[in-house]
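In full-length UniProt numbering, the protein residues as written are 1 to 282.
Comments concern the structure below.
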């Protein structure tokens, strides 16, 4: 037998076995192969993944928008009420009370009137009014709905009660219409740009004390009622009827002729500087 020699047959280049498919990733999606079918499968997988992602984003966004709190619900942002809110209390047997207005607002208004069976009525705009009566004093506050110090508070007091008023908080405007009576005394300890005080007939000597700097102070008193004014820190200008003085020196006092003989009268005592003071007659 002829010698048989085993040799490794070289594969024909025309029938080379297919190479093992390479696996690659495109954005996390495995490519099925490099052939036409593999590429087609990969493209379909990518398109499907993009479609799912787009649909998921479209669903999540509205849910997130619905879950986001409105401005009034976010911490630190509160919407001011469109209309004022009013609180009140019944009229009791006490006819001598104090009122301390501690609400820091742009405008405060205090009026006396016949309120029937109500001791007081308090309305706040841009804030929530509060009232606490203890030891013969009603303390009035306001919880701001937006920027602190903004808004307005109006206090209506029963005129059958003698009120000792104290305005503690600062304000741009203090407006007091007390023509219906009921004023036992007034102390303003909060700074203000303007104070407008309309008075009714006094009972005894009623003190009006201004212990904080004030801009313009306008006092309207009934005709014939004596009003004495003292400016311990001076004033830019003081007008009392026909008397008009500029650069009022500290310690100056203006006393009407009928002061000593009167029993029912008003005494304005400004211990802090006043830009302008004017006394008119109702």
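Where is the CB? At the ideal position from N, CA and C, for every residue including glycine.
Predicted, not measured: the structure shown is a model, and the values here were computed from it.
Option nearest residue 220 by Cα separation, candidates 230, 237, 139, 198
The residue labelled residue 220 in the question sits at position 220 within the chain shown. Of 230, 237, 139, 198, the residue nearest in Cα terms is 198.
For residue 222, tell me which candidate among 216, 202, 208 has the shortest Cα-Cα distance.
As a position in the chain shown, residue 222 is number 222, starting the count at 1. It is 202 whose Cα lies nearest to the Cα of residue 222.
In terms of DSSP beta bridges, what is residue 96 paired with?
Taking the chain shown and counting its residues from 1, the one referred to as residue 96 is at position 96. Answer is 162, bridged to residue 96.
Just grab the DSSP bridge partners of residue 262 for me.
Position 262 of the chain shown, counted from the start, is the residue given in the question as residue 262. The partner list for residue 262 (beta bridge, DSSP) is empty, contrary to what the question assumes.
Hey, could you find the ends of the beta strand (DSSP E) residue 252 is sitting in?
For the purposes of this step, residue 252 is taken as the residue at position 252 of the chain shown. It spans 252 to 254 - the beta strand (DSSP E) in which residue 252 sits, taken as one unbroken run.
DSSP beta-bridge partners for residue 107?
Residue mapping note: residue 107 aligns to position 107 of the chain shown, counting from 1. For residue 107, which the question treats as bridged, DSSP gives the partners 152, 173.
For the beta strand (DSSP E) that residue 185 lies in, which residues bound it at each end?
As a working note, residue 185 is residue 185 in the chain shown. It spans 183 to 188 - the beta strand (DSSP E) in which residue 185 sits, taken as one unbroken run.
Measuring CA to CA, which of 140, 241, 121, 263 is closest to residue 254?
In the chain shown, the residue the question calls residue 254 occupies position 254. It is 241 whose Cα lies nearest to the Cα of residue 254.
Using a Cβ-Cβ cut-off of 8 Å, state whether residue 111 counts as contacting chain B.
This model lacks chain B altogether; it includes just one protein chain.
Given residue 169, which residues of its chain have a CB within under 7 Å of its CB, disregarding the five upstream and five downstream residues?
Numbered from 1 along the chain shown, position 169 holds the residue referred to as residue 169. Excluding sequence neighbours, residue 169 sits near 101, 102, 103, 104, 190.
Proximity to residue 107 [Cα-Cα], best of 195, 215, 133:
On the chain shown, position 107 is the one that residue 107 refers to. Looking at the Cα atoms, 195 is the closest of the given residues.
Neighbour-count burial assignment, residue 159, 16 or more Cβ in a 10 Å radius:
Indexing the chain shown from 1 puts residue 159 at position 159. Buried, by the Cβ-count rule.
Once DSSP output is grouped into helix, strand and coil, what is the label at residue 179?
In the chain shown, counting from the first residue as 1, residue 179 sits at position 179. Correct three-state label for residue 179: coil.
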